[in-house]
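Q: Residue numbers (our numbering), protein chains in the order written: chain A, 294 to 440; chain B, 294 to 440; chain C, 294 to 440; chain D, 294 to 440. Backbone N, C-alpha and C fix where the C-beta goes; we use that ideal spot for every residue, glycine too.
(1) Please compile the residues from chain D whose C-beta is within a distance smaller than 9 Å of the C-beta of residue 430 (chain A).
(2) State the Cα-Cα distance for the pair residue 360 (chain A) and residue 422 (chain D), rounded to the nearest angstrom.
(3) Can you have a look at residue 406 (chain C) and say buried or exposed, based on whether 16 or more other CB atoms are within 10 angstroms of its CB?
(4) I'd like to know whether the C-beta of residue 403 (chain A) is nearer than 8 Å to at least one C-beta of chain D.
(5) Going by CA-CA distance only, name the one from D:378, D:336 and D:387 that's closest to residue 411 (chain A).
(6) I'd like the span of the beta strand (DSSP E) that includes residue 339 (chain D), first residue to last.
(7) Exposed or buried, residue 469 (chain D), counting other C-beta atoms within 10 Å across all chains shown (16 or more means buried)?
(8) Taking 8 Å as the threshold, find out whether the region 321–332 of chain D comes into contact with the region 343–362 of chain D through three or more Cβ pairs.
(9) Go to residue 386 (chain B), then tell me how far its beta strand (DSSP E) extends in each direction, as first and last residue.
(10) State the start and end residues of the unbroken alpha helix (DSSP H) segment that holds residue 355 (chain B).
(11) Mind checking residue 351 (chain B): buried by the 16 CB within 10 Å criterion, or exposed?
(12) What residues from chain B crowd round residue 433 (chain D), counting only those whose CB sits closer than 9 Å?
(13) Name the DSSP beta bridge partners of residue 394 (chain D), please?
(14) When you compare the CB of residue 380 (chain A) with every CB in chain C, is at least one pair closer than 8 Å?
(15) Across the region 417–437 of chain B and the region 302–311 of chain C, are there enough close Cβ pairs to call them in contact, namely three or more that are closer than 8 Å?
(16) Within the continuous beta strand (DSSP E) that includes residue 324 (chain D), where are the two ends?
(17) Note down the Cα distance separating residue 327 (chain B) from residue 400 (chain B), rounded to an integer number of angstroms.
(18) Can you confirm whether residue 360 (chain D), when its beta carbon is compared against all beta carbons of chain E, has any partner nearer than 8 Å?
(19) Along the chain, where does the alpha helix (DSSP H) containing residue 312 (chain B) start, and where does it finish?
(20) For residue 281 (chain C), which option in C:437, C:430 and C:302 has the closest C-alpha, if you only look at C-alpha atoms?
(21) Is the Cβ of residue 314 (chain A) closer than 8 Å to any Cβ of chain B?
(22) Using a C-beta to C-beta distance shorter than 8 Å, which residues of chain A count as neighbours of residue 320 (chain B)?
(23) Between the C-alpha atoms of residue 389 (chain C) and residue 348 (chain C), what's the straight-line distance to the nearest angstrom?
(24) Classify residue 371 (chain D) as helix, strand or coil using the three-state DSSP reduction.
(25) Residues in its own chain within less than 6 Å of residue 295 (chain D) by CB, not counting five upstream and five downstream?
(26) Please tell me whether residue 369 (chain A) has its Cβ less than 8 Å away from any Cβ of chain B.
(27) Using a beta-carbon distance below 8 Å, is residue 295 (chain C) in contact with chain A?
(28) Using the C-alpha atoms, what's the distance from residue 372 (chain D) back to residue 248 (chain B)?
(29) Please list the partners that residue 352 (chain D) has in chain C, where partner means a Cβ-to-Cβ separation under 7 Å.
(30) Which residue or residues does DSSP assign as beta-bridge partners of residue 409 (chain D)?
(31) Closest Cβ-Cβ distance between residue 425 (chain B) and chain A: below 8 Å?
(32) If I follow the unbroken alpha helix (DSSP H) through residue 316 (chain D), where does it start and stop?
(33) Who are the near neighbours of residue 338 (chain D) in its chain, counting only those whose CB is closer than 7 Å to its CB and skipping five residues on each side?
(34) Could you check whether residue 432 (chain D) and residue 353 (chain C) sit closer than 8 Å to each other, using their CB atoms as the reference points?
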């Protein structure tokens with residue numbers, strides 16, 4: 294993985310503050326595990342309120358959390374007066390999202406002034422065994438904060 | 294739009310029954326508006342528990358609902374002993390998801406024995422005005438039900 | 294489809310001039326059929342030099358031409374001192390690319406100052422019958438021309 | 294990277310034979326560098342006949358070659374009486390495709406009986422320096438050969 298040098302030394306507080314404003318992260322029970330330059334990890338536990346028709350986590354909920362992980366991975370490298378927006382993403386679901394805990398990891402693939410490309414993974418922990426269940430490729434955009 | 298002829302005359306009950314098993318649809322407050330051959334519409338209202346950092350609906354929640362709309366659009370055309378799975382999707386977010394109500398529409402682009410391609414849209418209704426906020430292109434798979 | 298109002302009245306010449314600089318369009322034998330605000334159509338004929346292992350047109354060649362159609366559809370709406378770049382695309386291949394002629398159509402879904410979202414289709418004409426063989430969803434970026 | 298065990302010991306010849314039937318690989322001047330279980334590398338040199346409007350390799354040509362790399366990576370793990378088809382792909386273009394040589398690498402992320410997910414990269418070699426210029430996430434399908 295690449296090593297990145299954030300321009301804003303206070304990037305962790307900036308990410309935390311934004312994350313805490315995402316009402317949906319609270320609804321899902323998502324918790325930040327790691328904030329590092331160009332990398333973010335967010336976990337959440339299985340809950341019936343998040344399931345699809347077979348009782349596994351809905352693809353869209355996996356996407357919600359790994360999208361935030363990728364967005365904040367990008368945001369760690371953006372300037373202090375910026376906001377991050379998801380332009381688009383593509384996700385492949387490669388195994389059923391069966392498990393008791395779900396780790397989502399977002400990483401910057403290519404940072405840019407306006408456009409940052411990230412990759413994300415969702416790993417299910419099922420009776421202690423890890424399995425990648427989804428993989429994301431996404432484009433994030435930096436926008437200047439409106440004061 | 295294409296016109297489709299479902300092989301299973303009971304497709305509406307099959308879709309309804311599967312939808313009602315998706316715990317996350319209840320969490321989001323999603324409601325079925327239309328079930329038609331190759332088409333499905335699901336709406337949900339704004340709620341703070343579904344938001345990202347700017348107070349709009351999180352991209353992943355839009356995705357969750359339009360994924361279900363696309364999946365069930367595909368499922369209307371599948372045989373009675375089948376299940377539907379999302380293989381992958383790609384979503385572009387084209388305007389902020391600002392509004393009081395969100396309509397998601399899933400349509401079959403190309404049905405197939407195993408693989409069905411669908412397109413979806415999310416339309417925000419903001420003070421009565423409609424605006425497309427997201428557009429999805431997705432691949433669904435038919436799998437035989439395990440008895 | 295939306296109706297668009299180009300800011301640059303000379304957009305057709307700008308598109309033509311850029312198209313003529315794409316060496317690969319000549320290699321493929323691609324021809325412009327339509328240049329309109331927010332819309333572009335490019336056709337090409339079957340040739341063995343463009344095939345995959347089953348003798349049909351390679352997915353990547355369909356992509357090459359419909360990418361140019363989408364990029365130039367976006368470019369019609371950009372200012373005179375701009376360039377257009379493909380940030381990313383996603384393509385579904387929904388039928389074998391069998392035919393004697395291939396029409397690619399690019400349309401702007403959502404124009405923006407920096408980012409424009411487009412949708413594209415590839416239609417094969419096989420013994421006179423039309424069939425959609427691929428569909429694209431793509432993100433284009435405007436960049437200022439370096440003088 | 295995962296380690297894979299091909300069911301068909303003759304997978305190299307099967308890939309070679311299919312590759313040699315792709316007319317477009319000859320047009321591009323593409324050469325196989327590596328065929329390994331779940332992995333394929335194909336290179337090609339810069340040529341003006343493959344360019345877009347700025348004189349770099351057209352995004353669609355990068356896609357054509359890395360699509361073949363991903364498809365054949367998947368094909369190495371498929372049974373002897375199978376064919377491989379690209380269902381869909383998504384590609385991000387992360388740097389201008391400037392260089393004298395282009396390496397495309399396709400790897401299996403998750404093999405399956407019918408559906409195989411692959412990831413691909415395109416690396417430009419520009420005056421001897423390597424740079425990733427595009428990254429792909431794609432879904433391949435196994436189909437039984439028609440005898």
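A: Quick answer:
(1) 383, 384, 385, 412, 428, 429 and 430
(2) 32 Å
(3) exposed
(4) yes
(5) D:387
(6) Residue 339 (chain D) -> no beta strand (DSSP E), and no H or E assigned at all.
(7) Absent from the structure is residue 469 (chain D), since the part of chain D shown begins at 294 and ends at 440.
(8) yes
(9) 375–386
(10) 352–368
(11) buried
(12) Here the premise fails: no neighbours, minimum Cβ distance about 11 Å.
(13) D:338 and D:418
(14) yes
(15) no
(16) 324–329
(17) 11 Å
(18) As a matter of chain content, chain E is missing from the structure shown, whose protein chains are A, B, C and D.
(19) 304–313
(20) What is shown of chain C runs 294 to 440, which leaves residue 281 (chain C) out entirely.
(21) yes
(22) 320, 342 and 343
(23) 10 Å
(24) coil
(25) none
(26) no
(27) no
(28) Beyond the ends of chain B as shown, which are 294 and 440, falls residue 248 (chain B); an answer cannot be given.
(29) 360 and 379
(30) D:433
(31) no
(32) 316–321
(33) 322, 393 and 394
(34) no
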